[in-house]
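Peer 1:
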Amino acid sequence: MSDFNVELEERLRELSFVFKDGIEPPATLHVGIMSRSARPPVRRRPNLVRELSLAAALVVFVALIAFTFSKLHLLTVAPVKPSPHPTTSVIPWTSTPMVLPSASAQLATPAEAATWIGQVVMIAPVLLPSSIADDYQAEFLADQKGFAVDYASTSRHATVQLATTQPVMPAPDSHNRRSTRPFRAATATYQVDGTSATAPRWLFWTETGTGQAIAYSLIADGLSETDFWQIANSLQPVTTNVGVRACVAADLHAASGHGNGAGGQVFNQILLSNHSGTSCLLEGTPGLLLRTSAGRSISLPQTVMSVPWLQTPPGPALMAPNSPAPQPDLGAQQGFGQASITYSMWDCPANPTFASLMIVLPGQRGTLTIPADGAGYSWGGECDGGAVQRMVVSPFIPTQPAATYVEASPLSITVMLPDRVRGGQPMHYQVALTNASGAPFRFHDCPSYTEDASNSLGKNLANYQLNCASVGWLAPEQSVTFAMVLDMPANAPPAPVGLRWTLHSAYGTGNGAAGPSIGK
Amino acid sequence: MGENRERGSQLDTADRSWFEPLARTFERPAYHFAVMLTRDRAIAEELVQEAFARVWASPRTPSAEPDFRRWLYRAITNLARDYHRRRLLESKLRFWAPAEIDPLEEVVHRAEDRDLLRAVLALPIKDRQAIYLRYFDGLPFADVAQVMGTTESAARVRVHRALSDLRRRLGPSSVAEVPA
């Protein structure tokens, strides 16, 4: 092969990192795959004659419809997909597709929450209050796109919710006073529910961020007018990753960490720190190349390690300046400011010896070469009796302090199924959610839920988003009931059906089950 | 050949445990492959979801990883081919205005070697597919051939011709000027 071809091949391999790093799959991809594969697809083989026949049939059909309409004068349009008939207190079902489940909510002090949110959220400005009293505990969710934090007093009934979303504000009536007022260079909507001095208060406004407008909400219960505005007026931007430059290879120390393994799969680790004088950001997935002691490259096809294999979720890593080189022998990195990469590789049956690793930073930001101390191949399993060459590499994983998660769900779930359902028809049932937390509760955002009857009905699994926008505060022991619809397969056997209804939310997962019979 | 699931097995139809890890492992590479074939992110997402749905529904889908990947890639290839055929048909119908293709310009813009990426994206679909499988996914020729539904020697010829085409599109100086 000519030198030109060899050079071109090398450029193509390098280009693959840029291409794959620059094209992030949409967040809905996995959900779409799992939802669509819940049932066998309708097979259709494209065929020119058939397509044209269908087009002709469509034209005839439209003409027929037009003719029919011309003859009708009073016609009521039927809904495309009728909702079940809700009882007065039941919130109707909507076929909103599921959203990705949020991570579990974390517990922290207000100061710890502020640091965490600043490290994770990638919007600007991120506003947090500076006048939250010491007796408040923070319960928060944060990802790159936004955050929600609940401050709850540990000594009295007082809660403050701040979020980069705006739930539905209760409609104003004779008890609710709604007004507009200037707030933070915007026109805010302010509402007080009731006449009590510590009635719930709502404040919605829009911040003009660096890229796009950010809708904020501040909701409080148990606070006086003065206390509420003291907190609102103390909101100020916290330091975030927005605008921080990307790290280049010259900024970084790297070292092989201590990996671990399970069932023949070896998880190797690389630790990274920033020795430059300024903060920088590591984002994306690096390329890894192995080199022999003679300098020859061992190029293994590389894919991105999926999240379930990782103990800590990947994300942009804000690298603290002036950091010393990582010291793997001193144990795991603690706190914010450093990063790691996890990778596994298979090259069987050859398992060629390698001496060093080259880390190729995404975005053509340089390479780092480190000794491959202790790194090794995976074995067994897929290597048995076959030739396997591959590598899975994680995105950069920021170091974080150990998190304390909210483990107990504040909601108890009751699934109310009909006595009998028919195969091939939708099953209408209800789900009641009861606030079992002992404190007032409201949704940050509408969580997704999964209806899973796969144990008794094969692939009958559906994912939707809960129609909870109209649900306000739930007092302790207060319930809210939702109408549900699940399509029963036409070939469902005449036997009891087990339904597992799982609510994905920041507050944990609940299950409900019952067993109606199928009636033909 | 990997382990094949049996048609009609009750356990098989009810148990999704084998499928989800494979979906998580391969959805990202599958998406990149589909973007390369279609040059359109939205179409690629749709096509990957449909491909997974098809391999899930097929009783012959292998559940061992390497075979599953080849099977999935074949499904994506077939769907991409159908998509391009449809576009060709649509372009011949005067009254039908086909949707504009997203040229992935922002990815091209960020690539340091953007001339090469533009040239790859401009290749005919089979050449583009061969280049992607061989150099972007690093597959051996035997696997490239299986995904493309051809023989190993034909796959080698396809890759070689695609490289020649790329060299021609880049011009004689472009290849030599890039530092090693």
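Order-wise, the sequence lines are chains A and B.
At position 151 of the first sequence the residue is numbered 151 (this note's numbering), and the sequence of numbers has no breaks.
At position 102 of the second sequence the residue is numbered 622 (this note's numbering), and the sequence of numbers has no breaks.
No residue lacks a Cβ here, since even glycine has one placed at the ideal position from N, Cα and C.
(1) Along chain A, which residues have their Cβ under 7 Å away from the Cβ of residue 549 of chain B?
(2) Assuming residue 33 of chain A contacts residue 547 of chain B under a Cβ cut-off of 8 Å, what Cβ separation, rounded to an integer in Å, is found between them?
(3) Whether or not the segment 187-205 of chain A and the segment 134-152 of chain A are in contact is what I'm after, with contact meaning three or more pairs of Cβ atoms, one per stretch, closer than 8 Å; do they touch?
(4) Given 8 Å as the limit, is there contact between the segment 476-496 of chain A and the segment 425-440 of chain A, that is, 3 or more CB pairs closer than that?
(5) Would a check of beta-carbon distances place residue 170 of chain A closer than 9 Å to chain B?
(6) Please confirm whether residue 647 of chain B has its beta-carbon closer than 9 Å to some beta-carbon of chain A.
(7) Return helix, strand or coil for residue 75 of chain A, following the three-state DSSP convention.
(8) Counting only the same chain and skipping the five closest in sequence on each side, list residues whose C-beta sits under 6 Å from that of residue 389 of chain A.
(9) If you compare alpha carbons, which of A/159, A/144 and A/143 is closest to residue 150 of chain A?
(10) Shorter than 9 Å from the beta carbon of residue 352 of chain A to some beta carbon of chain B?
(11) Could you please give me the residues that DSSP links to residue 390 of chain A through a beta bridge?
(12) Between the beta-carbon of residue 490 of chain A and the beta-carbon of residue 386 of chain A, is there less than 9 Å?
(13) Compare the beta carbon distance of residue 224 of chain A and residue 198 of chain A with 9 Å and say whether it is the shorter of the two.
(14) At which residue ranges does the segment 137-197 of chain A contain complete alpha helix (DSSP H) runs of 4 or more residues, listed in the order of the chain?
(15) Is residue 686 of chain B close to chain A, meaning its C-beta is less than 9 Å from at least one C-beta of that chain?
(16) Can you grab the Cα-Cα spacing for the pair residue 524 of chain A / residue 132 of chain A, in whole Å?
(17) Closest Cβ-Cβ distance between residue 36 of chain A and chain B: below 9 Å?
(18) With a threshold of 6 Å on Cβ separation, who are the neighbours of residue 486 of chain A within its own chain once the five nearest residues in sequence on each side are excluded?
(19) Looking only at its chain, what residues have a beta carbon closer than 7 Å to the beta carbon of residue 82 of chain A, apart from the 5 residues adjacent to it on each side?
(20) Going by beta carbon distance, what residues of the same chain come within less than 8 Å of residue 8 of chain A, once the five residues before and after it are set aside?
(21) Please classify residue 243 of chain A as buried or exposed, where buried requires at least 16 neighbouring CB atoms within 10 angstroms.
(22) Counting only C-beta atoms, is residue 268 of chain A closer than 9 Å to chain B at any point?
(23) For the beta strand (DSSP E) containing residue 204 of chain A, list its first residue and its last residue.
(24) Which bits of chain B does residue 9 of chain A rub up against, with CB to CB less than 7 Å?
(25) To the nearest angstrom, how far is it from the Cα of residue 543 of chain A to the Cα of residue 129 of chain A?
(26) Does the segment 254-273 of chain A come within contact of the segment 336-350 of chain A, defined as at least 3 CB pairs closer than 8 Å?
(27) Among all the DSSP beta bridges, which residues are the ones paired with residue 280 of chain A?
(28) Alpha carbons only, please: which of A/265, A/177 and A/208 is nearest the one belonging to residue 196 of chain A?
(29) Counting along the chain, where does the beta strand (DSSP E) carrying residue 484 of chain A start and finish?
(30) Alpha carbon to alpha carbon, how far is residue 180 of chain A from residue 651 of chain B? Give it in angstroms, no decimals.
(31) Identify the residues that DSSP records as bridge partners of residue 463 of chain A: which are they?
(32) Residues of the segment 10-24 of chain A with a CB closer than 8 Å to any CB of chain B: list them in chain order, please.
(33) Using 9 Å as the limit for Cβ to Cβ distance, is residue 689 of chain B near chain A?
(34) Excluding the five sequence neighbours on either side, which residues of its own chain have a C-beta within less than 8 Å of the C-beta of residue 378 of chain A, listed in chain order?
(35) Only counting the same chain, and skipping five residues up and downstream in sequence, which positions put a Cβ closer than 6 Å to that of residue 208 of chain A?
(36) Going by C-alpha to C-alpha distance, which of A/393, A/371 and A/418 sits closest to residue 292 of chain A?
Peer 2: A quick look at the data gives this:
(1) 303
(2) 6 Å
(3) no
(4) yes
(5) no
(6) no
(7) Note that residue 75 of chain A scores 30 on pLDDT, short of 50, meaning its location in the model is unreliable and no value can be drawn from it.
(8) 300 and 347
(9) A/159
(10) no
(11) A/346
(12) no
(13) yes
(14) none
(15) yes
(16) Any answer about residue 524 of chain A is impossible in this case: the structure gives chain A only from 1 up to 520.
(17) yes
(18) 427 and 451
(19) For residue 82 of chain A, the predicted model reports a pLDDT of 29, less than 50, meaning its position is unreliable; a value from the coordinates is still stated below. Result list for residue 82 of chain A: empty, nothing under 7 Å.
(20) none
(21) exposed
(22) no
(23) 201-208
(24) 655
(25) Here chain A comprises residues numbered 1 to 520, so residue 543 of chain A is not present and cannot be evaluated.
(26) yes
(27) A/319
(28) A/177
(29) 479-487
(30) 60 Å
(31) A/450
(32) 10, 11, 12, 13, 14, 15, 16, 18, 19, 20, 22 and 23
(33) no
(34) 261, 264, 265, 266, 344, 345 and 346
(35) none
(36) A/371
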